[in-house]
Amino acid sequence: MSRHGLARVREALRILGFAAVFAVAAFVTNVLVLGFYILAFGSLDDGAPNVASAEIERLSEALVLEEGTYRLPDEDIEALAALGAWLMLIDPEGNVAWSEAVPADVPDHYELGDVASFTRWYLNDYPVVTRVRDDGILVLGSPPGSAWKYTYSIDMNSFVLSVGLVLALLISNMVVAIAVARAYARRSWAERDRARREWIAAVSHDVRTPLAVALAEADTLAHDEDLASDQRARAQRVEGKVSEVASLIADLNVANRLSYAMEPVDAQPVALAPLIRSVAAEALNDDADGTHPIELELDAEAEACRVNGDAVLLRRMLSNLVGNSVRHNAQGCTVRISLARLPRRLLRRERCLLAVEDDGRGLASDMLQTLRRAPSDELPEHGLGLVIVRRIAAACGGTTRFSEAEGGGTRCEVILPVA
Amino acid sequence: MRDIHEAHILVVEDDPALSGVVCELIGREGYRAVRSAATVADALACFATWRPDLLLLDVMLPDGNGFDLLRSVRQTSQVPAIILSARDEDEARLRGLGLGADDYVTKPFLPRELLLRMSAVLRRTYGAGDAPRTVRLGATTVDLGSGEVVRADGSSETLTSKEYAILDRLARSRGRIVTTDELARSVWGDGYGYGNALMVHVRRLREKVEEDPSNPRWIITARGLGYRLAKEEA
Chain H
0 MSRHGLARVR EALRILGFAA VFAVAAFVTN VLVLGFYILA FGSLDDGAPN
50 VASAEIERLS EALVLEEGTY RLPDEDIEAL AALGAWLMLI DPEGNVAWSE
100 AVPADVPDHY ELGDVASFTR WYLNDYPVVT RVRDDGILVL GSPPGSAWKY
150 TYSIDMNSFV LSVGLVLALL ISNMVVAIAV ARAYARRSWA ERDRARREWI
200 AAVSHDVRTP LAVALAEADT LAHDEDLASD QRARAQRVEG KVSEVASLIA
250 DLNVANRLSY AMEPVDAQPV ALAPLIRSVA AEALNDDADG THPIELELDA
300 EAEACRVNGD AVLLRRMLSN LVGNSVRHNA QGCTVRISLA RLPRRLLRRE
350 RCLLAVEDDG RGLASDMLQT LRRAPSDELP EHGLGLVIVR RIAAACGGTT
400 RFSEAEGGGT RCEVILPVA
Chain V
0 MRDIHEAHIL VVEDDPALSG VVCELIGREG YRAVRSAATV ADALACFATW
50 RPDLLLLDVM LPDGNGFDLL RSVRQTSQVP AIILSARDED EARLRGLGLG
100 ADDYVTKPFL PRELLLRMSA VLRRTYGAGD APRTVRLGAT TVDLGSGEVV
150 RADGSSETLT SKEYAILDRL ARSRGRIVTT DELARSVWGD GYGYGNALMV
200 HVRRLREKVE EDPSNPRWII TARGLGYRLA KEEA
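Chain order of the listed sequences is H and V. Once you know that position 153 of the first sequence is 152 in numbering that gives the first Met the number 0, the rest is easy, because the numbers rise by one and skip nothing. Once you know that position 229 of the second sequence is 228 in numbering that gives the first Met the number 0, the rest is easy, because the numbers rise by one and skip nothing.
If you want it as structure tokens, here you go:
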């Protein structure tokens with residue numbers, strides 16, 4: 000069988016399993032509800048006089064008194080004979096006034112007690128039904144064992160309670176059904192998420208090796224002294240673009256890890272100031288023409304500031320913020336990074352404010368809108384880097400705010416709880 | 000080993016293009032003995048006969064993975080290893096396994112970053128067996144073997160161990176900013192709380208190597224960040 004076929008069989012078996020679990024759960028619930036009902040409202044078995052069936056009603060109409068003699072049409076007599084049934088009329092005094100095919104063991108006189116008994120149960124083992132007429136009681140008997148005589152009656156109170164019981168059962172079964180369906184859906188969602196996550200991880204893994212080759216080759220050309228300077232510059236541009244793709248892949252991986260929350264953030268106290276210096280130094284080292292100076296504002300309090308988080312992720316957050324300012328302002332801009340402790344508020348953990356600001360051309364308004372909306376699981380079509388900033392901040396228990404800087408550039412504030 | 004460039008380096012990578020370019024890169028850097036293996040079996044065979052001094056290990060290999068390879072190598076040898084991985088998760092896994100790799104590089108990597116890390120690992124493992132290097136600062140030269148500063152007028156002076164450590168670290172990333180945290184780590188082994196002490200040592204270092212220490216030409220301050228050793232103008 001193909002792998003696909005096997006998977007379908009497995010899925011079908013799993014659904015069957017869930018259905019069985021549901022049925023058992025529903026049954027157990029029903030029994031419990033029934034038990035509760037009986038305990039709370041008492042027995043439902045509260046007998047009342049039987050109501051004659053349609054058949055005896057018809058026979059009663061057919062049996063007429065003509066000139067002092069009772070007569071039943073011939074076809075009814077034949078029908079009775081075919082069924083092995085019999086019919087008799089008992090007058091108000093208890094004597095049999097008329098009968099048809101009555102067996103020998105059926106008496107021809109009845110007391111009140113006899114009547115009360117057979118109307119409800121059996122007459123000498125014959126299941127009987129009765130019909131009260133002006134001239135007495137018509138009794139229709141069937142052969143012994145041909146019918147299970149069963150009287151069902153219900154008083155109005157029980158009837159209302161029964162309707163309530165049915166509704167209660169219905170609702171409780173629905174609750175069980177929803178619980179089972181949710182459990183099933185959650186499991187299959189978790190599986191789908193895992194499959195998606197693994198797929199992204201696999202793709203990015205496969206992309207990284209060729210990227211490593213491209214980066215190494217471009218770097219080799221960019222530093223090849225035998226090449227003309229414009230060719231080296233071209234190779235450098237290729238290197239830069241490959242690095243951008245590499246950075247995107249890294250962002251995608253981080254988003255992948257954070258959005259499906261499969262991997263809890265490996266939180267440890269991380270000193271932010273050295274991380275800020277390191278990211279800033281890296282950015283300045285890569286800024287060969289010096290068009291993107293970086294200013295730091297770190298006071299002694301900020302130096303000692305540690306937050307709970309993953310150093311790799313926090314570094315990614317910082318370099319995304321700085322990288323965003325640099326990339327969106329190719330003509331040049333000053334990036335200002337500041338870190339400060341926020342005044343402590345009552346019953347709140349101490350927090351620090353990390354702000355990265357530039358005096359460049361600012362974010363497009365639609366991007367600002369996207370970043371201001373509540374975080375969702377959907378990745379935007381562009382601007383992945385800043386969305387990841389927000390995700391990382393959230394994973395470390397913090398919040399972000401993107402706004403326009405006073406001079407018209409971009410300002411991002413990240414508020415993180417201090418470790 | 001007198002010179003780290005004499006080290007035998009084994010590159011274990013199944014992608015022929017990457018393996019080729021990495022070997023070429025290492026060779027161009029001056030490492031004379033570089034070999035490559037594409038499978039765990041090849042690598043183990045090569046390890047038994049050739050005795051490499053440094054392993055560069057890819058994680059996913061056709062007949063196994065780099066972690067298992069490292070584990071079996073570790074049973075007999077403490078040879079340093081740098082893991083080349085294409086997955087972010089591998090670092091956590093590596094830590095979890097406690098296999099003691101010496102460094103970890105995520106693909107794709109910048110070639111010079113890989114080379115820097117290689118030389119750092121080799122130097123750390125085999126001592127300062129690096130060929131004596133000299134740092135030229137205009138008319139002044141510093142011999143990083145002996146820590147001796149020779150000025151244009153012939154006068155000379157010796158660097159203290161801390162000054163030496165600072166200059167050595169700056170020289171290894173010449174032209175690039177090295178943060179105060181990193182400098183403190185190479186001097187004291189810990190990056191935290193040495194800001195003022197570092198400033199003092201840098202000032203003394205400048206007095207030894209700069210013509211005008213209050214207006215430094217070589218050891219440039221990157222304000223708030225760290226220091227940079229200026230490149231010589233070609």
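For each residue, glycine too, the CB sits at the ideal point set by N, CA and C.
- The C-alpha of F66 of chain V is placed about 11 Å away from the C-alpha of L83 of chain V.
- Residue state for L362 of chain H is assigned as coil, using DSSP reduced to three classes.
- The alpha-carbon of G407 of chain H is positioned some 59 Å away from that of S71 of chain V.
- Linking A280 of chain H to L313 of chain H through their CA atoms gives a straight-line distance of about 16 Å.
- G359 of chain H has its alpha-carbon roughly 13 Å from the corresponding atom of C411 of chain H.
- The bridge partners DSSP lists for Q267 of chain H are H:G308.
- Contact check between the stretch 287-295 of chain H and the stretch 318-338 of chain H: three or more CB pairs, one atom from each, fall below 8 Å, which counts as touching.
- Assignment of C411 of chain H by DSSP, reduced to helix, strand and coil, places it in the strand class.
- Taken in chain order, the complete alpha helix (DSSP H) segments of 4 or more residues contained in the stretch 15-84 of chain H are 53-61 and 73-82.
- DSSP places V128 of chain H within a strand segment (E or B) once states are collapsed to three.
- Judged by DSSP in its simplified three-state form, A339 of chain H adopts strand.
- The contact set of R276 of chain H on chain V, defined by CB atoms closer than 8 Å, consists of T178, T179, D180, G223, L224 and G225 in chain order.
- Burial is judged here by how many other beta carbons sit within 10 angstroms of a residue's own beta carbon; F117 of chain H has at least 16 and is buried.
- G146 of chain V and W187 of chain V have their C-alpha atoms some 18 Å from each other.
- The C-beta of A16 of chain V comes closer than 9 Å to at least one C-beta of chain H.
- Relative to the Cα of L55 of chain V, the nearest Cα in the group V:K106, V:R132, V:D87 and V:G29 belongs to V:K106.
- In the displayed model, N172 of chain H falls within a helix according to three-state DSSP.
- The CB of H204 of chain H comes closer than 7 Å to the CB of A85 and R86 in chain V, given here in chain order.
- Residue environment for F158 of chain H: exposed (fewer than 16 other C-beta atoms within 10 angstroms of its C-beta).
- The criterion of a C-beta distance shorter than 9 Å is not satisfied by R150 of chain V and L228 of chain V.
- Identification of residues in the stretch 188-212 of chain H having a C-beta nearer than 7 Å to some C-beta of chain V yields A200, H204, R207, T208, L210, A211 and V212, given in sequence order.
- Of the residues assessed, S228 of chain H falls on the exposed side of the cut-off, its CB having fewer than 16 other CB atoms within 10 angstroms.
- Residue state for A32 of chain V is assigned as strand, using DSSP reduced to three classes.
- Three or more pairs of CB atoms, one per stretch, sit closer than 8 Å, so the stretch 270-280 of chain H contacts the stretch 164-181 of chain V.
- Note that the C-beta distance between V174 of chain H and I55 of chain H is not below 9 Å.
- Contact between the stretch 200-212 of chain V and the stretch 151-163 of chain V is present, with at least three C-beta pairs closer than 8 Å.
- Cα atoms of L64 of chain H and D133 of chain H: separation of roughly 12 Å, rounded to the nearest angstrom.
- Taking all protein chains in view, the Cβ of S35 of chain V is crowded by 16 or more other Cβ atoms within 10 Å, so the residue is classified as buried.
- Measuring C-alpha to C-alpha distances from V244 of chain H to each of H:R305, H:P209 and H:D225 identifies H:P209 as the nearest.
- With fewer than 16 other Cβ atoms from the protein chains shown falling within 10 Å of its own Cβ, L345 of chain H counts as exposed.
- When DSSP states are grouped into helix, strand and coil, C45 of chain V belongs to the helix group.
- Against R175 of chain V, the close residues of chain H are N284, in the order they occur along the chain (beta-carbon pairs closer than 7 Å).
- Assigned with DSSP and collapsed to three states, V388 of chain H falls in helix.
- In this structure, W217 of chain V places its C-beta atom within 9 Å of the C-beta atom of G137 of chain V.
- Contact check for L352 of chain H and A254 of chain H: beta-carbon distance about 24 Å, past the 8 Å limit, so the pair fails to qualify.
- Rounded to whole angstroms, the gap between the alpha carbons of A211 of chain H and A22 of chain H is 56 Å.
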